[in-house]
Every structure is written in structure tokens, then in C-alpha cells.
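Before any comments, here is the structure.
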Amino acid sequence: MSASNDLRPRPQLPSGRPESSVGPLVAAVAGLALVALCDVFSLVAGFRLRAVIDGDGGFLTAGQQDLDAAASLYDTAARYQVIVYLPAAIAFIVWFFRMRRATGLMAPDRFRNGPGWAIGAWLIPLANLWMPYRIAVDMWGAATPLPAEGERFRARLWPVNLWWGLFVLSILVNRFAGTKYRNAETLAEIRDGVGQYMAADVLHVVAAAAAMYFAVRLSTMQRLKAAEGPYGPAVAKETAA
Numbered sequence: 001m002s003a004s005n006d007l008r009p010r011p012q013l014p015s016g017r018p019e020s021s022v023g024p025l026v027a028a029v030a031g032l033a034l035v036a037l038c039d040v041f042s043l044v045a046g047f048r049l050r051a052v053i054d055g056d057g058g059f060l061t062a063g064q065q066d067l068d069a070a071a072s073l074y075d076t077a078a079r080y081q082v083i084v085y086l087p088a089a090i091a092f093i094v095w096f097f098r099m100r101r102a103t104g105l106m107a108p109d110r111f112r113n114g115p116g117w118a119i120g121a122w123l124i125p126l127a128n129l130w131m132p133y134r135i136a137v138d139m140w141g142a143a144t145p146l147p148a149e150g151e152r153f154r155a156r157l158w159p160v161n162l163w164w165g166l167f168v169l170s171i172l173v174n175r176f177a178g179t180k181y182r183n184a185e186t187l188a189e190i191r192d193g194v195g196q197y198m199a200a201d202v203l204h205v206v207a208a209a210a211a212m213y214f215a216v217r218l219s220t221m222q223r224l225k226a227a228e229g230p231y232g233p234a235v236a237k238e239t240a241a
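Structure follows, in C-alpha cells:
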């Protein structure tokens, strides 16, 4: 079937060389990987601190020297987490903004707000727990190929939902753990606070992996749609025939 025999109107994607998002994607994935590595380091340090507090017999006794060394290692891991998080967050938001601009050219009618909100949404307290997710959903829908004639448009959003659910949950658990750890006065309370932080670290690692998958998958979808057209590879082959 040739293009001239197809009576269905086909929306056209913007012409010209698309802006490359490979560099921002690599930076975002590298930042997320580094964050996950620091979280793993924090987990190891947390296990060591809890082991020192518990002691061999589990009676919440610890030698001062061993306790100081374990606490120092745990504090070092926490500092690494803080140092790495900001540049990683900036790299991810830069990729997020670039991807919003690229997908916005494909389907501008799918977006509720302008491209600037891909940055601003992260900076508004409370709203940053929801608005970036809505933008991500819009980008995912814009990068999803249009359905064939007679089919319903349906974007499979589980990668977006998985990433955002884990991200928000990790933030909430981390805040709860921080409150418990700061208010700890006894060794038992410190041990429990470290345990809460370790749960948050596990969630951080899984959320980082989900964010990497989301970023790579969305970038791949965007590039394929830009190269093959709005209806995907099957229609692209039909048009070329």
C-alpha cells in the first residue's frame, strides 16, 4: 500500500534535525547511578553501626572506640549522599526539561503547561510531589505512537507510575527516618533510627533504578517516533512501500 492510497490523514512531526538528548540522558543516568552507589555505601555503613550497637550478645552494648568508628563511617556515607544528590538532581531535571521540549513538538495538545514547568514544577513545595508526575505522563503519551485506525489510544504508564511511586515513598520514609534519628537519645533509639534510614536507602536504590529505566525508555520512544513517524514502524514501512 502506498501513501497515496491511504485516505486517513496523518499528522506530521516537526521537520528538521531534532535536538539531541543523548548527552543529558547520559548525565542523568550517570547521576542516578552515583546516587544509588552512595545509598549502597550508606546501607553498608548502617549495617556496621547496627552490628556494633547490638554487640555479640545483642544486649545493646558497644565499646566507645568501635561505636565512634562506626558512627564516623555512617556520617561519611551521609555526607556523600548529600554531595552527590544535588548535581544528580540538576542533571535529571535538565534531561527532563529537554525531553519536555522534544515531546512537546510531537503533541503540543497533550500538555497542560508550558516547557518551563518541567523545571519550575520541581521547585514548588508540595506541588513537586504531583506536578512533575503529570508532566511525565504527558511526555509519555506524546512519545507513544498513535494507534492504528479503529484502535484506541492507550499509553502504558506503568514505568512512570513505578518510578514516581517509589520516588515519593522514598522521600516520605526518609523524612520519617530523619526525625526519628535526630530525636534518638539511647543506643536502642539510634539503632531503630538507622534501621529506618536503611529502609529509605533501599527505596532510594530501587527508585533510582526505576528512574533510569523511565528515562532511557522515554528517550528511546521519543527518538523512534521522531525517526519513524507518529504511527510507528509498521506504518513507516507501509508508507515507504
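Numbers 1 to 241, taken from UniProt numbering, label the letters of the sequence shown in order.
Backbone N, C-alpha and C define an ideal beta-carbon position, used for all residues, glycine too.
- Query: To the nearest angstrom, how far is it from the Cα of P115 to the Cα of N183?
  - Reply: Counted from its first residue, the sequence shown places residue 115 at position 115. Counted from its first residue, the sequence shown places residue 183 at position 183. Straight-line Cα distance between these residues: approximately 42 angstroms.
- For D201, which residues from the same chain have a beta carbon less than 6 angstroms from its beta carbon, with the 5 sequence-adjacent residues on both sides left out? Start at 1 with the first residue of the sequence shown, and residue 201 comes out as number 201. Taken in chain order, the residues that qualify are D39, S42, L43.
- Item | CA-to-CA distance, L157 to W140, given in whole angstroms | Residue mapping note: residue 140 aligns to position 140 of the sequence shown, counting from 1. Residue mapping note: residue 157 aligns to position 157 of the sequence shown, counting from 1. Going from the Cα of W140 to the Cα of L157 covers about 7 angstroms.
- Item | Nonlocal neighbours in the same chain, by C-beta distance under 6 angstroms from W117, ignoring five residues either side | The sequence position of residue 117 within the sequence shown is 117, counting from 1. Hits under 6 angstroms: none found.
- Check each candidate in D75, F92, A88 and name the one with the smallest Cα separation from A215. Locating residue 215 in the sequence shown gives position 215, where the first residue counts as 1. When each option's Cα is compared against that of A215, the closest is F92.
- Message: Going by DSSP in three states, G114 sits in which element: helix, strand or coil?
- Response: Position 114 of the sequence shown, counted from the first residue, corresponds to residue 114. Three-state DSSP puts G114 in coil, outside helix and strand.
- Message: Does S170 pass the burial test, meaning 16 or more other C-beta atoms within 10 Å, or should it be called exposed?
- Response: As a first step, residue 170 is located in the sequence shown; it is residue number 170 there, counting from the start. Buried.
- Cβ-based burial, W130 [other Cβ within 10 Å; buried from 16]: Start at 1 with the first residue of the sequence shown, and residue 130 comes out as number 130. W130 should be labelled exposed.
- Task: Over the uninterrupted alpha helix (DSSP H) stretch that includes N161, give me the two end residues.
- Result: What you label residue 161 is simply residue 161 of the sequence shown in a count that begins at 1. 158–182 is the span of the alpha helix (DSSP H), which, as asked, contains N161.
- Query: Within this structure, are the beta carbons of A70 and V82 separated by less than 8 angstroms?
  - Reply: Taking the first residue of the sequence shown as 1, we reach residue 70 at position 70. Taking the first residue of the sequence shown as 1, we reach residue 82 at position 82. It is not a contact, given that the beta carbons lie outside the stated cut-off.
- Which class does E185 belong to by DSSP, given the choice of helix, strand or coil? In the sequence shown, counting from the first residue as 1, residue 185 sits at position 185. Coil.
- Message: With a threshold of 6 angstroms on Cβ separation, who are the neighbours of D68 within its own chain once the five nearest residues in sequence on each side are excluded?
- Response: As a position in the sequence shown, residue 68 is number 68, starting the count at 1. Contacts found: none.
- Item | Between the CA atoms of Y213 and E228 - distance to the nearest angstrom | As a first step, residue 228 is located in the sequence shown; it is residue number 228 there, counting from the start. As a first step, residue 213 is located in the sequence shown; it is residue number 213 there, counting from the start. So the two alpha carbons sit approximately 22 angstroms from each other.
- Would you mind stating whether L166 and L203 have Cβ atoms separated by less than 8 angstroms? The count along the sequence shown starts at 1 and reaches residue 166 at position 166. The count along the sequence shown starts at 1 and reaches residue 203 at position 203. Yes, they are a contact pair.
- Checking contacts by CB at 8 angstroms: is V35 closer than that to chain B? In the structure shown, chain B cannot be found, because there is only a single protein chain.
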